[in-house]
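Note sheet for the following structure.
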């Protein structure tokens with residue numbers, strides 16, 4: 001069944017709680033997302049609903065509550081996690097009025113160095129919050145970095161995140177294959193924070209060079225490539241797009257073996273503080 005054939009549970013103009021649904025953004029078999037406005041002040045928000053038969057409802061609510069209670073300037077903020085009168089769970093969050101980093105790179109090709117440094121610092125700040133609570137994102141990619149008109153951005157979509165206390169079936173592989181770490185391509189349930197650091201480095205590689213580190217491919221081919229490619233990180237390519245120190249740091253984050261990567265987001269932030277890199281207070 002295609003997205004066009006799926007029927008949403010709600011309709012344009014419907015009023016729920018203190019907001020009104022304006023435009024359907026996306027509909028899936030087990031969930032749908034809407035652009036909505038607060039009725040009192042017309043503030044735009046995004047609303048995600050999960051259908052009752054969705055087996056991920058407990059995880060969805062856990063993530064939504066975490067994002068509601070843990071504020072970070074670089075993590076998407078959830079303002080409300082509740083149920084409709086018909087007991088359909090939903091979460092309201094910030095609406096990204098400038099799309100995603102994927103959209104931006106498709107239009108502009110790549111980021112200037114100062115913008116890339118801002119992107120790296122912001123994503124590391126967001127990951128530090130997640131990792132402090134033993135949450136591993138597992139799906140860091142340009143599509144999940146939301147942009148706002150003031151030049152800020154948020155890391156979003158924790159739907160594939162590894163959460164403490166939630167059991168998973170060993171041996172499963174999931175994520176976006178072009179960005180997953182080698183260990184995530186082998187068993188996604190066993191990864192730690194260093195897997196997120198690897199994925200983030202691939203995003204920075206793409207943002208700086210305008211080229212994906214791994215070509216877009218079908219899932220299994222990309223997974224096989226992630227598992228088998230033990231070649232050295234592309235230091236020379238990175239040096240062409242960034243300063244030598246930053247290129248070296250990103251190359252360390254892209255090491256095949258987790259033990260050879262930096263140990264934490266905080267460690268990388270500390271290293272960045274020692275580098276005299278151009279920086280700015282917004283992405284654009």
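In the numbering used here, the protein residues as written are 1 to 284.
From the three backbone atoms N, C-alpha and C, an ideal C-beta is built for every residue, glycine too.
Note that this is a predicted model, so its numbers are computed, not measured.
- Residue state for residue 173 is assigned as coil, using DSSP reduced to three classes.
- In this structure, residue 117 lies away from residue 21, with their beta-carbon atoms at least 9 Å apart.
- The three-state reading of DSSP puts residue 49 in strand, counting E and B together.
- Annotated three-state conformation of residue 42 is coil, per DSSP.
- Residue 50 is positioned such that its CB atom lies closer than 9 Å to that of residue 30.
- Secondary structure of residue 161 (DSSP, three-state): coil.
- If only complete runs of 4 or more residues are kept, the region 51 to 119 shows the alpha helix (DSSP H) at 57 to 69, 101 to 108, in order along the chain.
- The residue from 181, 113, 207, 209 with its alpha-carbon nearest to that of residue 229 is 181.
- In this structure, the straight-line span from the alpha carbon of residue 133 to that of residue 72 is close to 13 Å.
- Counting C-beta atoms within 10 angstroms of its own C-beta, residue 184 has 16 or more neighbours from the protein chains shown and is therefore classed as buried.
- Around residue 150, the same chain offers 282 as residues with beta carbons nearer than 8 Å, after the five sequence neighbours per side are excluded.
- Rounded to whole angstroms, the Cβ separation of residue 270 and residue 219 is 36 Å, and the two are not in contact under 8 Å.
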